[in-house]
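Residues -1 to 179 (my numbering) are what the sequence shown spells out, left to right.
Notes to accompany the following structure.
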Amino acid sequence: MIFQSYDFKLSDEDYRYLIDTYKTDRFLRPGENPYYSGYHAHPNSQIRSGWNPGKHIDRRLINMYTPFLSEKLREQGLDSKNMILSYSHIWAQIYMREMKSRNEPHNHYTSMDSVCSWIHFVDVPDDQDCLYFQIGKQRVFPENQRSGKIIFFPCWAMHGVDAPTTRSERVVVAGNVIRKK
């Protein structure tokens, strides 16, 4: 399901910003929600589950990722000169072992303007693959889910995340690239 994987490491300052900003009560989704629990800053959370942390557009997070994403998509052959791409559909997730944080199978496809999805494994367990792609009844765990990797995949691909069991936290940033009209 992955169509490309790259190395991408945040600076210590950006990593600290990510933790200090998102591991807060504002983004805590408590309970045994089957869709997601843990620290979650997805822009559509209120649509999917009724939980609403308030409108949050994190310009710093967008600026941390947009140059890299744009460059790599250009390398992959996406002609961004003839279209305007939006990288602002971006969110952070901090999965907590103690909360059994997980994410049930879902996809990110919203319209024909959906270009692709991506996940940056910021700080994840080295000995547990949590992300899987759901293909029929089979769960396929990609190999490239280690800290410092970023992967691109089709936005229509069904995928989910198992709760971390070997470490207390799993930190990722994810997003969708959308063509603007």
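Note that beta-carbon positions come from the ideal geometry of N, C-alpha and C, so glycine has one too.
Only a predicted model underlies this, so the values are computations on that prediction, with no experimental measurement involved.
- Residues of the same chain with a CB within less than 6 angstroms of the CB of F131, apart from the 5 flanking positions on each side, are M(-1), V138, A155 and H157 in chain order.
- Annotated three-state conformation of P123 is coil, per DSSP.
- Looking at the backbone, the Cα of L8 and that of R165 are separated by about 20 angstroms.
- The residue among Q126, N105 and E141 with its C-alpha nearest the C-alpha of E167 is Q126.
- In this structure, H106 places its C-beta atom within 7 angstroms of the C-beta atom of N174.
- Judged by DSSP in its simplified three-state form, D5 adopts strand.
- Residue pairing by DSSP places R137 opposite Q132 in a beta bridge.
- Residue pairing by DSSP places L16 opposite no residue, since no beta bridge is assigned to it.
- Contact check for I92 and Y37: beta-carbon distance about 4 angstroms, within the 8 angstroms limit, so the pair qualifies.
- Taken through DSSP and simplified to helix, strand or coil, I0 comes out as coil.
- Going by beta carbons, Y85 and L67 fall inside the 7 angstroms limit.
- Per the coordinates, the alpha-carbon of I176 lies some 32 angstroms from the alpha-carbon of M97.
- Excluding five sequence positions before and after Y20, the CB atoms of its chain that fall closer than 7 angstroms to its own CB belong to Y37, A39, A90 and I92, given in chain order.
- For E96, there is no enclosing alpha helix (DSSP H), as DSSP gives it neither H nor E.
- Considering only P162, D77 and G146, the residue with the shortest C-alpha distance to V171 is G146.
- The straight-line gap separating the alpha-carbon atoms of M62 and D56 is approximately 10 angstroms.
- By the C-beta density criterion, Q136 is exposed, having fewer than 16 other C-beta atoms within 10 angstroms.
- Secondary structure note for R177: its beta strand (DSSP E) is the uninterrupted segment E167 to K178.
- Listed in chain order, the alpha helix (DSSP H) runs fully inside the stretch 138 to 165 amount to none, counting runs of at least 4 residues.
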